[in-house]
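Number 798 in my numbering belongs to position 788 of the sequence shown; there are no gaps in the numbering.
Worksheet: one structure, shown below.
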Amino acid sequence: MAVAPRLFGGLCFRFRDQNPEVAVEGRLPISHSCVGCRGERTAMATVAANPAAAAAAVAAAVAVAEDREPQREELPGLDSQWRQIENGESGRERPLRAGWAAVKPRFLVEKHWYKQWEAYVQGGDQDSSTFPGCINNATLFQVLFPSIPTDDHKPILYEINWRLKEGLVEGEDYVLLPAAAWHYLVSWYGLEHGQPPIERKVIELPNIQKVEVYPVELLLVRHNDLGRSHTVQFSHTDSIGMVLRTARERFLVEPQEDTRLWAKNSEGSLDRLYDTHITVLDAALETGQLIIMETRKKDGTWPSAQLHVMNKNMSEEDEDFKGQPGICGLTNLGNTCFMNSALQCLSNVPQLTEYFLNNCYLEELNFRNPLGMKGEIAEAYADLVKQAWSGHHRSIVPHVFKNKVGHFASQFLGYQQHDSQELLSFLLDGLHEDLNRVKKKEYVELCDAAGRPDQEVAQEAWQNHKRRNDSVIVDTFHGLFKSTLVCPDCGNVSVTFDPFCYLSVPLPISHKRVLEVFFIPMDPRRKPEQHRLVVPKKGKISDLCVALSKHTGISPERMMVADVFSHRFYKLYQLEEPLSSILDRDDIFVYEVSGRIEAIEGSREDIVVPVYLRERTPARDYNNSYYGLMLFGHPLLVSVPRDRFTWEVSSSPGAGVVGSELQLGYDEEDKDDVPGPSTGGSLRDPEPEQAGPSSGVTNRCPFLLDNCLGTSQWPPRRRRKQLFTLQTVNSNGTSDRTTSPEEVHAQPYIAIDWEPEMKKRYYDEVEAEGYVKHDCVGYVMKKAPVRLQECIELFTTVETLEKENPWYCPSCKQHQLATKKLDLWMLPEILIIHLKRFSYTKFSREKLDTLVEFPIRDLDFSEFVIQPQNESNPELYKYDLIAVSNHYGGMRDGHYTTFACNKDSGQWHYFDDNSVSPVNENQIESKAAYVLFYQRQDVARRLLSPAGSSGAPASPACSSPPSSEFMDVN
11 MAVAPRLFGG
21 LCFRFRDQNP
31 EVAVEGRLPI
41 SHSCVGCRGE
51 RTAMATVAAN
61 PAAAAAAVAA
71 AVAVAEDREP
81 QREELPGLDS
91 QWRQIENGES
101 GRERPLRAGW
111 AAVKPRFLVE
121 KHWYKQWEAY
131 VQGGDQDSST
141 FPGCINNATL
151 FQVLFPSIPT
161 DDHKPILYEI
171 NWRLKEGLVE
181 GEDYVLLPAA
191 AWHYLVSWYG
201 LEHGQPPIER
211 KVIELPNIQK
221 VEVYPVELLL
231 VRHNDLGRSH
241 TVQFSHTDSI
251 GMVLRTARER
261 FLVEPQEDTR
271 LWAKNSEGSL
281 DRLYDTHITV
291 LDAALETGQL
301 IIMETRKKDG
311 TWPSAQLHVM
321 NKNMSEEDED
331 FKGQPGICGL
341 TNLGNTCFMN
351 SALQCLSNVP
361 QLTEYFLNNC
371 YLEELNFRNP
381 LGMKGEIAEA
391 YADLVKQAWS
401 GHHRSIVPHV
411 FKNKVGHFAS
421 QFLGYQQHDS
431 QELLSFLLDG
441 LHEDLNRVKK
451 KEYVELCDAA
461 GRPDQEVAQE
471 AWQNHKRRND
481 SVIVDTFHGL
491 FKSTLVCPDC
501 GNVSVTFDPF
511 CYLSVPLPIS
521 HKRVLEVFFI
531 PMDPRRKPEQ
541 HRLVVPKKGK
551 ISDLCVALSK
561 HTGISPERMM
571 VADVFSHRFY
581 KLYQLEEPLS
591 SILDRDDIFV
601 YEVSGRIEAI
611 EGSREDIVVP
621 VYLRERTPAR
631 DYNNSYYGLM
641 LFGHPLLVSV
651 PRDRFTWEVS
661 SSPGAGVVGS
671 ELQLGYDEED
681 KDDVPGPSTG
691 GSLRDPEPEQ
701 AGPSSGVTNR
711 CPFLLDNCLG
721 TSQWPPRRRR
731 KQLFTLQTVN
741 SNGTSDRTTS
751 PEEVHAQPYI
761 AIDWEPEMKK
771 RYYDEVEAEG
781 YVKHDCVGYV
791 MKKAPVRLQE
801 CIELFTTVET
811 LEKENPWYCP
821 SCKQHQLATK
831 KLDLWMLPEI
841 LIIHLKRFSY
851 TKFSREKLDT
861 LVEFPIRDLD
871 FSEFVIQPQN
881 ESNPELYKYD
891 LIAVSNHYGG
901 MRDGHYTTFA
911 CNKDSGQWHY
921 FDDNSVSPVN
931 ENQIESKAAY
941 VLFYQRQDVA
951 RRLLSPAGSS
961 GAPASPACSS
971 PPSSEFMDVN
């Protein structure tokens, strides 16, 4: 079989002495320029069929060999040879030492030749016939055969590939010599023409040092040319970085191009070789394994990336697109606007983006950090940055990044809405741990100030922090604040200095709150009214009634407050309950009543009865003999005079729940006058107000119409049809009231059960659901804007710890509600300020839409930093805005967007998922501002200087483009 010259390495010739004929002992000498594998040399030659051409070729080869043959030294005495080779300091018995890979390697010598040499030197006769001759390792190499030509006119190809035979055993097939001993033998006896020295490294494996006789042979290919491979030998102790560098050299990759390696495993799938610092042995690479080198495309993507269909289409569309780097949208994958907003803000931090664009992260990836993500988050973010700043995309799909985040942070799995600041916090922490330069974290004991100077304690705290945390994230985003705790009992003061990555500053909170309620008057002729009330946040239900009283003129004592949900009373509030138990989303109804629910013995006040509206519907039963009941409309609170209200529960056999009897409007003495038994309750001569306000029943409509249903015991009279029946029920209104002693004395609930036909004829749903708006509904509580400096002042004010988070005083030896004060000591290059717009309490959640006025330039922190300041360099305390994460909407729904200043052009842009538009600076400040990114002015100046980044980022203070090009985002 013919052998392709690009795959195999050499032609085998045999020599006998200097006679140019084919023989067994000789080898064609090979120049260093023909090296095909590290440590072994190969060659390919073609010998024509006619002997003359062959003889000429061999003669030329022999001439080259003679030129390359080293000059032999005069043989020393036999005893001297033995001492230098066997027993000397550089002799064969010298023990192995790890780390001699390049300087002190070992050489293989064929066992038969070495035994003959031993016999020669031990014989004591230099002229003996046992003279070994040149060192010949021919039997250690693989035997290769020439190919058989199919055409007589084609030349015969011979191959020499200096590979060792498999299964060679030390002591049986070869002996190992130190480098010095090998060079002595070669200088004395010479090496067969063309044979390469068999040099092997001494490597250190776990608990053992050994000579690596068989290196690992890997097949290197490019991702776009899998048919051409380069077979290269690597030591087990070579790093994956060495493999990558060798592949880049073989395939002539430009220095600015990004590459990465994949290994094809035994199952046929590909595994990424992430960590370039681990060895070939640790990566479990084996001889013959295929290693694929992948080169990043000019648009920042990898050819192997499993891109989303949308991204594929976009890549085809944007193939020839060339835009401003960094002006690139991010596709919303489904409620991922929070992630897009955080990524756009971080992508526009100049020094961090340059760090990834210049591949500085590759040397700092930490794959063994137990607190990290094995470098995967950092690599996923780097890929995203390179795509966004390639200038070849209008927008990209962050599908791979989203999957990585969900893999390492389960709270971000799926497609639920989240907080951009929460994702930003996770991402900064993940990038820090993935890029932490500290490979093995040492234990650091935190020390209190104990009366020492602040400067000393702060320096110690920062040094301790850097001993465990040292990354580009620490360099860019971490600062230091001073924490002071004071025990309220013993006065013990504890001072510590703690690092921070961002500042979560509170907003000044108003002590007032706006609640919307519906007022239900007792007069059924009046419609319900909608009111908007201003009440104290820490007030009581009674405060709500007082505020409503000012609008209605109804005394607060005649009001009852209820939370209505799903056509029933979810809760009836007591006057002393806190207003914080009412959530903004609750439907609050305030009823005018003439009495109270609690029955007080001896009181003459009216009884307030909760009333539900239900409609009978055919049950899904096989014989349709039962009826279901469905709640509808708004529930009522009906005031009934105590002396006209009684109710009893029948205990007759078979009565059960259906036998519950309710009589409204009758005295005990008139009970016998009732015409016949009542199975569901009845009402005679009802007064208008007893029908309940806004019940939907007209004032003149009686409860019973003509042709009412009668019984056989009654005197013959016209039958009347029932409008509805009254039934005692439980508080949910879903089942009849039980006859247990506990519920007999509990609050009674009544249901008005309508017949479907009667409800359709007499119940006006539009009228029942209608209401009027009071003038106060148009009132909007004005919120005065606050300055960002006010929020920072609140952050640094003294506060008392909450009961859920006490401090253990080392002096009192118990937990205390100490006072705590935070002060800024050292500020980072990039200061992230998180405005705490979302407020969470035990009973309520709300978003503060207060307008925070923040400067675009010259935010001065000199008044907040307590560290002794450098007066000669005020830029150390002044910041310019570079990005803003916005949140529009409320607690349960909303949308995130971003304002960001491009580091190259200095222009501001508005990022709304995959849409990007330029904006004016006066549009940046809004009530939606949520997370602010500020850059220190001395850093901006450093980046602008020639020694700064290659991108030469412009200052955010650069002038904006003409206003006609901008969209209105507010």
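Note that the Cβ used here is the ideal one computed from N, Cα and C, for glycine as well.
- For the segment 900-958, the full-length alpha helix (DSSP H) segments reaching 4 residues or more read 947-954 along the chain.
- Around the beta carbon of Ser481, 16 or more other beta carbons lie within 10 angstroms, which makes this residue buried.
- Rounded to the nearest whole angstrom, the CA to CA distance from Lys307 to Pro188 is 48 Å.
- Under the three-state reduction of DSSP output, Gly339 falls in the strand class.
- Pairwise C-beta distances place the segment 425-434 in contact with the segment 331-350, as three or more of them are shorter than 8 Å.
- No Cβ-Cβ contact shorter than 9 Å links Ser351 with Ala398.
- Under the DSSP assignment, Gln824 falls in the beta strand (DSSP E) whose first and last residues are 824-826.
- Counting the other Cβ atoms within 10 Å of the Cβ of Cys555 gives 16 or more, which makes it buried.
- Our two residues, His541 and Ile617, have alpha carbons roughly 26 Å apart in a direct line.
- Per DSSP, the unbroken beta strand (DSSP E) holding Phe529 starts and ends at 522-530.
- For Met383, no alpha helix (DSSP H) encloses it, and the DSSP letter there is neither H nor E.
- Val926 counts as buried, since at least 16 other C-beta atoms from the protein chains shown sit within 10 angstroms of its C-beta.
- If you draw a straight line from the Cα of Cys370 to the Cα of Asp833, it comes to about 34 Å.
- The beta carbon of Arg447 lies closer than 8 Å to those of Glu374, Asn376, Asp480, Ser481 in the same chain, with the five residues before and after it left out.
- Apart from the 5 residues on each side of it in sequence, Lys450 has no Cβ closer than 7 Å to any other Cβ in its chain.
- In the structure shown, the three-state DSSP call for Gly204 is coil.
- Between Leu517 and Leu891, the C-beta spacing is not below 9 Å.
- Between Thr829 and Thr810, the C-beta spacing is below 9 Å.
- Taking 9 Å as the cut-off, the Cβ atoms of His417 and Glu443 do not count as close.
- Taking C-beta atoms under 8 Å as the contact rule, Leu195 and Gly134 fail to qualify, at a distance of about 19 Å.
- The DSSP-derived three-state label of Phe575 is strand.
- Under the DSSP definition of a beta bridge, Tyr184 partners with Glu120, Glu180.
- Less than 9 Å divides the Cβ of Lys913 from the Cβ of Thr363.
- One thing to note: Ile530 has its Cβ no nearer than 9 Å to the Cβ of Leu433.
- Leaving aside the five residues that flank Tyr130 on each side, the residues in its chain whose CB is nearer than 7 Å to its CB run, in chain order, Ser138, Thr140, Phe141, Pro142.
- When DSSP states are grouped into helix, strand and coil, Gln126 belongs to the helix group.
- Here the alpha carbons of Val527 and Leu733 stand approximately 32 Å from one another.
- CA-to-CA, the gap between Gln824 and Arg797 works out to about 40 Å.
- Per DSSP, Trp198 lies in no beta strand (DSSP E); the unbroken alpha helix (DSSP H) holding it starts and ends at 189-199.
- Restricting attention to His240, Asn275, Leu623, His246, the CA atom closest to the CA of Glu259 is found in His240.
- A direct Cα-to-Cα measurement between Gly382 and Glu452 gives close to 16 Å.
- Just measuring C-alpha positions, the residue of Gly489, Arg282, Asn474, Ala778 sitting nearest Arg535 is Ala778.
- Taken through DSSP and simplified to helix, strand or coil, Tyr224 comes out as coil.
- Pairing Val515 with Lys846 gives a Cβ-Cβ distance under 9 Å.
- The beta carbon of Gly900 lies closer than 6 Å to those of Lys857 in the same chain, with the five residues before and after it left out.
- Contact between Tyr391 and Leu441 holds, with the beta-carbon distance rounding to 6 Å and staying under 8 Å.
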